[in-house]
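Encoded as structure tokens, the structure appears first; notes follow it.
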Amino acid sequence: MAIEVKFWGVRGSIACPSPDHVVYGGNTSCIEMRVGDEVLIFDAGTGIRNLGKDLIRRNVTHAHIFLTHTHWDHINGFPFFVPAYNPNASFRVMAGHLTHQGGVERVFSAQMADPTFPVPLSAMQSKLTFEDFSVGDELHPADGIVIKTAPLRHPNGATAFRVEYDGNAVCYVTDTEHDPETPDPIILDFIEDADLVIYDCTYTDEEFPQKVGWGHSTWQEGIRLCRAANAKQLALFHHDPEHDDAAMTVIEQKARATWSGAFAARDEMVLHIE
1255 MAIEVKFWGV RGSIACPSPD HVVYGGNTSC IEMRVGDEVL IFDAGTGIRN
1305 LGKDLIRRNV THAHIFLTHT HWDHINGFPF FVPAYNPNAS FRVMAGHLTH
1355 QGGVERVFSA QMADPTFPVP LSAMQSKLTF EDFSVGDELH PADGIVIKTA
1405 PLRHPNGATA FRVEYDGNAV CYVTDTEHDP ETPDPIILDF IEDADLVIYD
1455 CTYTDEEFPQ KVGWGHSTWQ EGIRLCRAAN AKQLALFHHD PEHDDAAMTV
1505 IEQKARATWS GAFAARDEMV LHIE
């Protein structure tokens, strides 16, 4: 039985709709995993808008939404997630970095409040359940599905997710900053033997020294981690908006030449992990 992974938004920082961002896509972070009978959504960047339209087409009225963190590029698509306005639908929203900061519901309500947005969270008539967990907790959204969590090095905190189902494992590891001197031991352990690792590859090693402290990593570090952890595939993710299609093509070619298991994620790319 497979885990189906679909990328609805692969960009970091800000959406970049332009003729130069067509091949790899311009929507910000949002990934859907179909696991058994469950729909798991990771992050609610601008990509969740198109995902919402697809859920309506498929008549899906229930899903779990897991947030790595609540910086704008990971949540600002949620007000445009149309299924959340359906009174016959239900969605469970979960985050692991806000336990001591008022909780995830407070953040979602604030981004849809005056004077920054005209439609309040209360206008969403679906059954919305907001839950806060502690990073490191193990989650069980349905029978047979295990989701492990781990802390990431990012301003204000972020959470990595490892989805395990029927002997397969997919890891979602963004946003995180690495130490050039030593691999992150938490990530190494977290992604060990994973079938797919979706990793923060915002920068290149050459760009990284000018971006220290911004909370992101490189495709070269992603390959180093995956090789050391015996992971099977690496999806380059959270692409810098300044990396247009031409730049991304060069990055992907270099990544593939370095390690055959690496590739660049694209909006609406679908993978079957089995």
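Throughout the sequence shown, residue numbering follows the numbering used here, covering 1255 to 1528 in sequence. For glycine and all other residues, C-beta sits at the position ideal for the given N, C-alpha and C.
Range covered by the beta strand (DSSP E) that runs through residue i
{"i": "N1304", "result": "Where N1304 is concerned, there is no enclosing beta strand (DSSP E), although the alpha helix (DSSP H) it sits in stretches over 1301 to 1312."}
{"i": "W1262", "result": "1257 to 1263"}
{"i": "I1441", "result": "Where I1441 is concerned, there is no enclosing beta strand (DSSP E), although the alpha helix (DSSP H) it sits in stretches over 1439 to 1444."}
{"i": "L1321", "result": "1316 to 1321"}
{"i": "E1392", "result": "1392 to 1396"}
{"i": "E1286", "result": "1284 to 1289"}
Contact check, residue i vs residue j, beta carbons under 9 angstroms
{"i": "A1414", "j": "T1428", "result": "yes"}
{"i": "K1260", "j": "M1502", "result": "no"}
{"i": "I1401", "j": "E1418", "result": "yes"}
{"i": "L1321", "j": "M1287", "result": "no"}
{"i": "G1390", "j": "H1351", "result": "no"}
{"i": "I1290", "j": "I1399", "result": "Strictly speaking, residue 1290 in this sequence is Gly, with Ile absent from that position. Cβ distance < 9 angstroms, so G1290 and I1399 count as in contact."}
{"i": "E1475", "j": "H1432", "result": "yes"}
{"i": "R1265", "j": "P1495", "result": "yes"}
{"i": "D1274", "j": "A1519", "result": "no"}
{"i": "L1490", "j": "A1509", "result": "yes"}
{"i": "E1258", "j": "L1525", "result": "yes"}
{"i": "I1527", "j": "A1256", "result": "yes"}
Which of helix, strand or coil DSSP assigns to residue i
{"i": "Y1419", "result": "strand"}
{"i": "C1455", "result": "coil"}
{"i": "Y1278", "result": "coil"}
{"i": "P1372", "result": "coil"}
{"i": "K1381", "result": "strand"}
{"i": "H1493", "result": "strand"}
{"i": "R1232", "result": "The first residue shown for the chain is 1255 and the last is 1528, placing residue 1232 beyond what the model contains."}
{"i": "P1463", "result": "helix"}
{"i": "H1408", "result": "coil"}
{"i": "V1400", "result": "strand"}
{"i": "E1359", "result": "helix"}
{"i": "F1387", "result": "coil"}
{"i": "F1296", "result": "strand"}
First through last residue of the alpha helix (DSSP H) which encompasses residue i
{"i": "M1366", "result": "Unbroken run through M1366: none, as it is neither H nor E."}
{"i": "L1479", "result": "1473 to 1483"}
{"i": "R1510", "result": "1499 to 1512"}
Cβ-Cβ separation, residue j to residue i (assumed contact under 8 angstroms), whole Å
{"i": "S1283", "j": "H1328", "result": "5 angstroms"}
{"i": "D1447", "j": "G1263", "result": "D1447 to G1263, Cβ: 27 angstroms. No contact."}
{"i": "N1342", "j": "T1315", "result": "6 angstroms"}
{"i": "H1493", "j": "T1456", "result": "7 angstroms"}
{"i": "T1300", "j": "G1279", "result": "Not quite, the Cβ-Cβ distance comes to about 10 angstroms (not below 8 angstroms), so this is no contact."}
{"i": "S1380", "j": "Y1339", "result": "7 angstroms"}
{"i": "T1430", "j": "S1471", "result": "6 angstroms"}
{"i": "P1334", "j": "R1303", "result": "First, the residue type needs correcting, since residue 1334 is Phe and not Pro in the sequence shown. With a Cβ gap of about 4 angstroms, F1334 and R1303 count as contacting."}
(Q) Quick check: the segment 1449 to 1462 against the segment 1304 to 1317, are at least 3 beta-carbon pairs closer than 8 angstroms? (A) no
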